[in-house]
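Reviewing the structure listed below.
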Amino acid sequence: MSKTESPQLSPSEFGADLISTMRTALNDAAGSIDEANRTPATIAKMAERMLRTASAGVTDAERLTAVAVEEGANPAD
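Under the working numbering, the first residue of the sequence shown carries the number 1022, and numbering increases by one thereafter.
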């Protein structure tokens, strides 16, 4: 198992370091998407995607940022 992937986790099992990493990744991702897409709903959608990804065991900041940017490319309805 690589450093960036761990067993599946419940969000209640996320440690302080992972939460800090996710917060930074979300902020970085939000700054990377089109300004018109930076709505609270789209940011929430990006955060949800990051939570699902982290729950699947991905904890690397770059990978979390990438999935959030991908999700933010299409604004929330």
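Glycine included, C-beta positions come from ideal geometry on N, C-alpha and C.
Through-space distance from residue j to residue i, alpha-carbon basis
i     : j     : result
T1074 : A1068 : 10 Å
T1045 : G1078 : 18 Å
D1081 : D1038 : 11 Å
I1054 : E1083 : 15 Å
For residue i, the three-state DSSP class (helix, strand or coil)
i     : result
A1094 : coil
I1064 : helix
Buried/exposed call for residue i, threshold 16 Cβ in 10 Å
i     : result
G1093 : buried
I1040 : exposed
M1022 : Residue placement at M1022 is poorly supported in this model, since its pLDDT is 42, which falls under 50; the coordinates still yield a value, given next. Exposed: under 16 other Cβ atoms inside 10 Å.
T1086 : buried
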